[in-house]
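Read the structure below first, then the notes.
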Amino acid sequence: MAADRTPMLEMKGISKRFPGVLANDNVSFDVYPGEVHTLLGENGAGKSTLMKILFGLYHADEGEITFNGKPLDVSSPSAAIEAGIGMIHQHFMLVPTLTVVENVALGLHAGLRPNLDEVAKRVVELEEEYGLQVDPEARVWQLSVGERQRVEILKALYRDANLLVLDEPTAVLTPQEVEDFFSTLRKLADDGRGLIFISHKLHEVMALSDRITVLRDGRVTGDTTPAETSREQLAEMMVGRPVKLAPDKPPADQGDVRLEISGLAVDGDRGQIAVNEVDVEVRGGEVLGIAGVSGNGQRELAEAIAGLRPSTAGSVKLDGLEIQDLSPSRRRATGLAYVPEERMRDGAIGAFTVSENLMLINHDEPENARLGWLKLGPLRHRAAQLVDRFAIKTPSIDTTTRTLSGGNIQKLIMARELSCEPSVLIAAQPTRGVDIGAAEYIHERLVAQRTEGTAIVVISEDLDEVLALADRVAVMFEGRIVGVIDREDCTVEELGLMMAGGMMAEA
């Protein structure tokens with residue numbers, strides 16, 4: 001950290017209210033020049049609200065902000081940018097059909113056409129200064145995910161941002177790209193810039209941060225440094241209780257092959273080949289983790305197994321039975337359960353109640369219906385049992401599902417799928433966007449299901465999650481399984497190279 005002990009940014013006593021919610025409650029937060037200050041907290045803790053106030057998207061109800069020693073009152077993102085604040089969003093704010101230089105130049109001078117040669121010259125200077133190698137004339141759609149992120153940083157630096165807010169910036173990067181990215185961030189800090197780092201990956205927080213501020217329920221619950229704390233202590237500050245960061249996983253007691261995929265090929269939404277000749281087997285009592293950078297065919301593979309997307313070639317067998325020609329409901333009847341990555345699009349109906357969502361897949365069974373009429377008594381009784389058994393926090397089983405937190409909606413979906421005692425479970429991004437406490441619970445349920453003999457496929461872009469749950473790890477790159485490795489033999493470096501297409505491993 002730089003020796004300058006005068007804060008670049010001071011946010012004092014910030015409070016922000018929404019109807020029925022106190023999103024920020026007297027929050028104080030500061031950043032020094034040359035410092036990486038991490039803002040840590042669960043979903044709904046108040047991180048996003050605080051940063052939106054800083055970036056001019058919201059206005060604080062109480063409190064004051066000073067930037068470089070002067071009062072700051074920004075009314076819009078453009079005013080924040082003008083003041084020297086840049087934000088690197090998790091979902092890139094780039095136009096794919098434009099070049100790198102054109103994206104950097106966008107919005108620079110309203111109504112005037114910028115001199116692209118001058119922009120390109122400055123972009124090259126910034127690339128050389130901070131090691132942000134990317135072809136200035138390449139179109140964004142041609143770039144890798146890591147290169148696109150560099151363009152976002154170049155945009156901010158071109159506008160002379162002295163304070164950078166980085167919102168979950170590593171979510172779509174391979175381990176090697178994360179390492180390179182952190183080197184860039186350190187160079188930016190060493191140059192005197194202030195960085196606000198927002199992440200849920202505690203090992204990254206510990207590796208990069210100079211200071212860490214933890215929020216819970218809109219309040220600051222901790223202000224510490226990596227030298228003074230641990231991942232476990234940070235998790236406890238976030239949740240308010242001790243948290244297991246990895247589930248207790250007994251040795252696998254594997255049985256027969258329950259899921260067998262051979263030569264599977266699947267087209268993507270635009271007609272491209274999304275899954276290309278995938279061969280993989282999963283045994284009962286085993287978790288196969290599928291790792292890979294987003295967009296390498298993971299979603300299409302899961303949907304094809306579940307029967308939600310047609311395949312163009314290959315075979316999918318469940319307990320020896322070919323299910324390729326079966327409907328999703330028939331596949332469920334053979335023992336397949338599916339937790340989709342888009343829970344509110346594919347996993348639950350927001351306008352339905354908790355009990356209605358819990359009965360979606362078995363309402364027509366004889367014990368639940370007769371002559372087309374639902375037996376509401378038994379169905380509601382079963383729903384209440386599942387709410388209790390899976391620790392779903394809801395005012396009642398008649399509560400509208402969309403009002404629940406993301407973690408509790410995910411628990412609801414898990415409860416519905418696991419209650420059918422599946423022989424095969426496909427869990428896609430099972431803890432994406434859920435709180436650390438809910439993630440802990442979901443991991444424990446998956447391990448328990450493994451113990452019961454279910455063959456489980458966990459598809460996740462979170463490498464920590466894959467390594468915590470898997471007995472074997474398969475890596476997808478450009479629609480192919482490029483390797484399958486026993487968990488005990490895995491290294492993050494090797495998996496990262498495979499995720500980037502840099503090496504192959506024997507399945």
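In terms of our numbering, the sequence shown is residues 1 to 507.
Ideal placement from N, C-alpha and C gives every residue a C-beta, glycine not left out.
Just so you know, these numbers come straight off a predicted model, no measurement behind them.
- Membership of E125 in any beta strand (DSSP E) is not indicated; the residue belongs instead to the alpha helix (DSSP H) covering 116-130.
- Taking 7 Å as the cut-off, the beta carbon of V447 is found closer than this to the beta carbon of K249.
- Here the alpha carbons of S28 and S76 stand approximately 21 Å from one another.
- Per DSSP, T451 lies in no beta strand (DSSP E) segment; the continuous alpha helix (DSSP H) that holds it begins and ends at 436-451.
- The way I'd put it, the stretch 457-472 does touch the stretch 482-498; three or more beta-carbon pairs between them come closer than 8 Å.
- No residue range can be given for A227, since it is assigned to no alpha helix (DSSP H) and is classified by DSSP as neither H nor E.
- If you look at R17, you'll find it in the beta strand (DSSP E) that goes 9-18.
- With respect to the 7 Å criterion, T312 and A265 are classified as neighbours on the basis of their beta carbons.
- The stretch 188-208 makes no contact with the stretch 19-27: fewer than 3 CB pairs, one atom from each, lie closer than 8 Å.
- DSSP, read as helix, strand or coil, puts T49 in helix.
- At least 7 Å separates the beta-carbon of V424 from that of R283.
- Taking a C-beta distance under 7 Å as the contact criterion, V293 and M499 qualify as a contact pair.
- The residues H443, E444, V447, in chain order, have a CB closer than 6 Å to that of P247 in the same chain once the five nearest residues on each side in sequence are set aside.
- Within the same chain, and ignoring the five residues on either side of Q176 in sequence, the residues whose Cβ sits closer than 6 Å to its Cβ are G496.
- Counting only runs of 3 or more residues that sit fully inside the stretch 58-108, the beta strand (DSSP E) segments are 62-67, 85-88, in chain order.
- The continuous beta strand (DSSP E) containing F29 extends over residues 21-31.
- Take D398, set aside five residues on each side of it, and the residues of its chain with a beta-carbon closer than 8 Å to its own are T353, V354, S355, in chain order.
- Residue ranges of uninterrupted beta strand (DSSP E) with 3 or more members, entirely inside the stretch 241-318 and ordered along the chain, are 257-267, 273-283, 287-291, 311-318.
- For L321, the number of other beta carbons within 10 angstroms of its own is below 16, and it is reported as exposed.
- Sequence-distant partners of A383 (beyond 5 residues in either direction) whose C-beta falls short of 6 Å from its own C-beta, in its chain, are S355, L358, I397.
- Taking the Cα positions, A45 is about 22 Å away from D464.
- Excluding the 5 residues flanking it on each side, R17 has same chain C-beta neighbours closer than 6 Å at D61, in chain order.
- The continuous alpha helix (DSSP H) containing D180 extends over residues 175-190.
- With fewer than 16 neighbouring CB atoms inside 10 Å of its own CB, I349 falls in the exposed class.
- Rounded to the nearest whole angstrom, the C-alpha separation of L185 and E342 is 32 Å.
- Inter-residue distance for G377 and A337 is about 25 Å (C-alpha atoms, whole angstroms).
- With three or more CB-CB distances shorter than 8 Å, the stretch 78-97 counts as touching the stretch 146-155.
- Going by C-alpha positions, V214 is about 43 Å away from P328.
- The three-state secondary structure of T403, taken from DSSP, is helix.
- Put simply, of L164, V119, V104, L418 the residue whose alpha carbon is nearest the alpha carbon of L9 is L164.
- Where G194 is concerned, the enclosing beta strand (DSSP E) starts and stops at 194-198.
- Looking only at R309, L301, I456, the smallest Cα-Cα distance to D325 is reached by R309.
- Rounded to whole angstroms, G285 and D256 show a C-alpha spacing of 9 Å.
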